[in-house]
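Residue numbers (my numbering): 282 to 474.
Note that beta-carbon positions come from the ideal geometry of N, C-alpha and C, so glycine has one too.
Read the structure below first, then the notes.
Below is the structure:
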């Protein structure tokens, strides 16, 4: 007789996201996962296979949540200057949350694992490129509407905005004062005033 699963895999993944985010992949043990999720080793292995597979599920869950919650408006095909500014404003607001003190889950993962796990590195690079493309589309829309300089190299500026976002995620982890974060974002967005 098959054993009945006594946990919700989505809840396990959600809890694992925050544990991996806080401790990193390497410093998160199976004992940590068992304690955090309330699921036995047997249950975790039976559902996910191993710690790495649970981490990949957590990474995918985070990417979907990030896309849905943070870049939803910016992902709209007609997004432009207003949506870019709103996006960076949301990032500033996120910088005030306790989660921001853990840095960005994707950035932390990139630093820890991109050079040692090709699959994870590829997933991170794909997410970063997706975000850069979202910035690029919004910049093209803004340029077409006359909201930004017609001579601006949009590809270069989209890469710059991505770099600013990733850098600010790392800086936020240091507990930098809110006013300083605002200054960084304001300078980064001067070209789209």
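Check: Nearest-angstrom Cα distance between residue 439 and residue 420?
Finding: 7 Å
Check: How would you write the range of the alpha helix (DSSP H) that residue 298 sits in, first residue to last?
Finding: 290 to 304
Note to self: Suppose you measure from the CA of residue 321 to the CA of residue 306; what does that come to, to the nearest Å?
What the structure shows: 19 Å
Check: What separation, rounded to the nearest whole angstrom, lies between the Cα atoms of residue 300 and residue 460?
Finding: 29 Å
Notebook entry, point to check: By a C-beta neighbour count over all protein chains shown, 10 Å radius and 16 as the cutoff for buried, is residue 364 buried or exposed?
Noted result: buried
Next item on the list: Figure out for me which residue from 451, 401, 395 and 428 has the closest Cα to the Cα of residue 470.
Entry: 428
Check: Does the beta-carbon of residue 330 have 16 or more other beta-carbons within 10 angstroms, so that it is buried, or is it exposed?
Finding: exposed
Check: Using the beta-carbon count (16 or more within 10 Å), is residue 287 buried or exposed?
Finding: exposed
Checklist line | Alpha-carbon to alpha-carbon, residue 463 and residue 442 | finding: 14 Å
Notebook entry, point to check: Who are the Cβ neighbours of residue 295 in its own chain at under 6 Å, not counting the five residues just before and after it?
Noted result: none
Notebook entry, point to check: Between which two residues does the alpha helix (DSSP H) harbouring residue 335 extend?
Noted result: 332 to 350
Next item on the list: For residue 308, name the three-state secondary structure that DSSP assigns.
Entry: coil
Margin query: Please state whether the Cβ-Cβ distance between residue 424 and residue 433 is less than 8 Å.
Written below: yes
Next item on the list: Pick helix, strand or coil for residue 434, following the three-state DSSP scheme.
Entry: coil
Next item on the list: Quick one: using the 10 Å Cβ neighbour count with 16 as the cut-off for buried, is residue 389 buried or exposed?
Entry: buried
Margin query: Using the Cβ count rule (16 or more neighbours within 10 Å means buried), how would you classify residue 368?
Written below: buried
Notebook entry, point to check: Rounded to a whole number of angstroms, what is the C-alpha to C-alpha distance between residue 411 and residue 362?
Noted result: 18 Å
Check: Among 415, 414, 413 and 379, which has the Cα closest to the Cα of residue 457?
Finding: 379
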